[in-house]
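Note sheet for the following structure.
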Amino acid sequence: MDKSSGAPDRGRGGEPYDVAVIGAGVIGAAIARQLSSYRLRTVLLEKEVEVSFGVSKANSGIIHGGFHHSPETLKARLEIAGNTMFDRLQRELHFPFRRCGILVAAFSVEEMKAVEKLYAQGLANQAIGIELAGRDRMLALEPRLNPDVVGGLHAPAGGVIEPYRFVFSLIENAQANGLELRTGFKVTRVQRQGRWFLLGSDGGGSVRARFAVNCAGLYADEVSALFGAERFSIVPRKGEEFILDRNARGLPGKVIFPVPTRLSKGILVIPTVEGTCMVGPTAVEIEDKEDLATSQSNLEVVFAAARRLVPALSERDIITAFAGLRPTLKGGDFYIEASAKIPRLIQVAGIQSPGLTASPAVAEYVKDLLKKAGLELVEKADWNPFLSPLPRIRELAPFQVEELARKDPAYAEVVCRCESVSEAEIVAAIRAGHQTLDGIKFYTRAQMGRCQGGFCTYRILRLLARETGLPIERLSKRGPGSELLRSGL
Amino acid sequence: MTEKRYDAVVFGGGSAGLAAAARIASEGFSVALLEREQELGGVLNQCIHSGFGLHVFREDLTGPEYAERFIERVRGSSGLDVYLDTTAQEVTAGGGGSGQEPIVVYGYSRRYGILRLAARAAVLAMGCRERNRGNIGIPGSRPAGVFTAGLAQRLINIDGYLPGKRAVIVGSGDIGLIMARRLTWSGAQVLGVVEIQSYPSGLTRNIVQCLNDFDIPLHLSHVVSRIIGRDRVEAVEVSPVREGIAQIQEGFRLDCDTVLLSVGLVPDNELSKKFGVALNPETGGPLVDAGLQTTVPGVFACGNVLHVHDLVDYVTEESERCAAFAAEYLRGRYELRQYRLQPGANVKYAVPNRYFPERENRFYLRPLIVANQARLTVRLDGESVLERRLAHVQPSEMLSFTLSPKELAGVSPSRENTLEVSIT
């Protein structure tokens, strides 16, 4: 997956593409896959060394139920449309996704009034299967819920997903269908040469493309400025989340929301698709787009709020914490339009919640905008929407693992004991281009369990060195500057 | 699938499993010893410092030397098969099938493929794991350069790589103290050890030999209140703690590229949970009876998986006792007449939780207090049956005592016979 940005340019002014998609988060990935079904040359540019390493890596991993946003907004429309596309996508791409259902819990008459408004909004949005529930119904749906609940909302079409695995699978499938990916390619220069955009990276590489899609997440404002297009400002809104052990007391079966505030959907309790429990996020507007620090005071805030929903939750079960940033834009709605100033540039900005849910619908929407802007779309006869699933031993019975191990004994070598990840799975991740510790973690779950890499880090480093031929000192957590070890003693 | 039958299967080839496996085999039973790594010895292999074996061998050995003595015993045992590079992935006890061998283990191994081992008894000896950053919730960014002390020890002593040049150590557990010295010897600078408690959590001898001898500052009643750095650690913020709250405005910054965490160990009972063994929330290990048998018949536990020990010598001692009880179980002569022992004042836990009235019983316990001139008292239904003077007690140092049938003369069928151990 990794193509060095330092590769020499072919011909004058970089390689020619029909479309350059800037930013390999979930939006860029979904657009790139969408475009891979047409007879186009598409390149996906990503500044980090791994895809999905910005906003899409650190979020709540929710497929929303379609009731949080007013029907006049673009985001409500795309949320509903996106939600319905996930079943087919999962059958094609095999990422972890489960429609576990979503609850909004009310604890007072006033809160129940707010829930009724959400319900009306959901009906107007045509959200699938939503129901208004009384106390008994709520407790029957989720026995772990605080018994003080007075009622709430149930959205059975809501679910949970591993967002980064979704991104990885979209991009792998797009690559199999001809997409070119350039990681470590931070767009720092944009020139217009006739009908071409010439995009240059700080690493020295450059590409030429006729059309460009700006889905640079937190940096969409800066990328827009590079094009000389619309001026807007992305404000990062930080959210801190805590992951609890899969054996945590209080782990619910459904995603549980409080009644939302003006600023956010509130602090939720999430049964993750891989069986752990997540609580969060906070919502604080900050200035620094790189600030991913967590804090002690937020831990207390998050747990106080989460225990109001599920009293059995305990800080003692925390295995890790992380922070993510939502790229927010004034007005609060998605900004997805053809640039009014620069022809053949599509702006896709302000994609915060429910961006993950909406992403496949955003991709179709952007495809239509590109067509309107003059891009010719001819379907490929041989487009293959399927990705073959990678075997994961934690999902298999011993006799199935035996069958795999007969062909490749590395399936019987358990490298990550907490999450049961075999050597074969780690090698597959490395060969798919994930050559950092974090990349392997998000691809395989190795280092993601209760020991947080205490036992398996050195084994993964050895495998990385063996597969890439790189010396151990060059191996990093998430790219240059984050190398782990110094040379031999 | 390779299928084999044994009298006993031992999980883990570290200090506990080695001692237990050799002892069961010495009593004429067939044993399978399963180890995930490619060598026997467990964490001893990376403990290249000395201080091991002072009790068991009356010698000052390094970790690998100590392990070697038991590895030789295991290698010389007949009827003992060692499965290296093998992870016990699925286990069941008592579930249907052949009544003879109620314990079934599926082992995954690159060397042997998928193994199905059936046994009549099992010994849990998986040891413990290190608490990590998430467990103690250190705020700040998430750069490279944050390691648990045990991982760093392995990287230096076995793989030959240095984690960094300027380190701050969080927590004064023994591994952290040992690593302060090890890093210094390797040419790295250790800027300090930061301990949240008002007293060190490692052994006194390690404070002296690993910190004082190298002028490494120990910041008691302090925490690392923030980790700073985007890609790699650049600094930490260290703040004093009063009444459990970090005083960040009084904090100071230490520029460093590495943070090592030595903030406690947790018994690694994931496999125990698969067996359905009940755990003791105080120890994090299985609840065991007087013969170190868990709540699942035929499944025994010893070493750091049962409770975290401070010295390997005690692990060995406990594991050999455990193996002897497992052998009695295999012979069908396991003694069921037992009574309860419970922790009393100032005792965090005592292991085991039961005793045999007519045999010698050995107990390990952790005090909750720091005190000089303390007294350990064991009461039988309220009457003192054993008293011992202790020059000094602190939570980081494990205590042990033995109760003989003589002291238990008062046990009678007409009484409740509960023992209570307290420290005053």
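Taken in order, these protein sequences are the chains called Z and X.
Start counting the first sequence at 1046; every next residue gets the next number (the numbering used here).
Start counting the second sequence at -6; every next residue gets the next number (the numbering used here).
Each residue gets a CB set at the ideal place from its N, CA and C atoms; glycine is no exception.
For K1334(Z), there is no enclosing beta strand (DSSP E), as DSSP marks it with neither H nor E. If you compare the alpha carbons of G296(X), R223(X), E328(X), C249(X) with that of D1333(Z), the shortest gap goes to R223(X). C-alpha of R1182(Z) to C-alpha of G1197(Z): approximately 9 Å in a straight line. For T1489(Z), the closest Cβ of chain X is not nearer than 8 Å. Pairing R1253(Z) with Y1062(Z) gives a Cβ-Cβ distance under 8 Å. Straight-line spacing of the CA atoms in E61(X) and G34(X) works out to 8 Å. The three-state secondary structure of Q1392(Z), taken from DSSP, is strand.
Taking all protein chains shown into account, R104(X) has fewer than 16 neighbouring C-beta atoms within 10 Å of its C-beta and is therefore exposed. In this structure A15(X) is in contact with V67(X), their Cβ atoms being roughly 5 Å apart against a cut-off of 8 Å. Interface criterion not met: the Cβ of D167(X) is under 8 Å from no Cβ in chain Z. Boundaries of the alpha helix (DSSP H) around V1407(Z): 1400 to 1417. Among the bridge pairs identified by DSSP, H1199(Z) is matched with L1148(Z), E1176(Z).
Sequence-ordered contacts of the region 125 to 136 of chain X with chain Z read N125, R126, G127, N128, G130, P132, G133, S134, R135, P136 [C-beta pairs closer than 8 Å].
Its Cα nearest to that of I1147(Z), the residue I1206(Z) stands out among I1206(Z), V1459(Z), S1359(Z).
Counting C-beta atoms within 10 angstroms of its own C-beta, R1133(Z) has fewer than 16 neighbours from the protein chains shown and is therefore classed as exposed. Between A317(X) and E310(X), the alpha-carbon positions lie close to 11 Å from each other.
In this structure, the alpha-carbon of I1312(Z) lies about 20 Å from that of E1161(Z). Counting the other Cβ atoms within 10 Å of the Cβ of F1444(Z) gives fewer than 16, which makes it exposed.
Around R347(X), the same chain offers D282, A283, Q331, Y332, R333, L334 as residues with beta carbons nearer than 7 Å, after the five sequence neighbours per side are excluded. Of the candidates E1285(Z), A1510(Z), A1069(Z), I1108(Z), A1069(Z) places its Cα closest to the Cα of Q1220(Z). Look at E409(X) here: in three-state DSSP terms it is coil, with no helix or strand label. Ranked by Cα distance from D1427(Z), the first of S1081(Z), A1450(Z), A1065(Z) is S1081(Z).
I1364(Z) has a beta carbon lying within less than 8 Å of a beta carbon in chain X. In its chain, beyond the 5 residues on either side, E1093, V1094, E1095, F1098, T1481, L1482, D1483, G1484 have a beta carbon closer than 8 Å to the beta carbon of R1523(Z). Every unbroken stretch of the beta strand (DSSP E) spanning 3 or more residues and falling wholly within the region 1087 to 1157 of chain Z is given here in chain order: 1087 to 1090, 1147 to 1151. When C-beta distances to chain X are compared with 7 Å, every residue of the region 1407 to 1422 of chain Z stays at or above that value. Short of 8 Å from the beta carbon of R1294(Z), and not among the five residues preceding or following it, lie these beta carbons of its own chain, in chain order: A1357, L1358, S1359, D1362. For N128(X), there is no enclosing beta strand (DSSP E); the residue is found in the alpha helix (DSSP H) stretching over 126 to 129.
Judged by their CB atoms, E230(X) and R219(X) are nearer to each other than the 8 Å cut-off. V1446(Z) carries a helical assignment under DSSP once its states are collapsed to helix, strand and coil. Contact holds between the region 124 to 144 of chain X and the region 243 to 257 of chain X, because three or more Cβ pairs, one in each stretch, are under 8 Å apart. What K1522(Z) touches in chain X, judged by beta-carbon distance under 9 Å, is R135, P136, A137, G138, D224, R225, going in chain order. Within 7 Å of the CB of L1529(Z), the CB atoms of chain X belong to A137, in sequence order along the chain.
Cβ-Cβ separation between E400(X) and L383(X): approximately 18 Å, too far for a contact (criterion under 8 Å). The three-state secondary structure of D1483(Z), taken from DSSP, is helix. Listed along the chain, the chain X residues whose CB falls inside 7 Å of the CB of A1455(Z) are R103.
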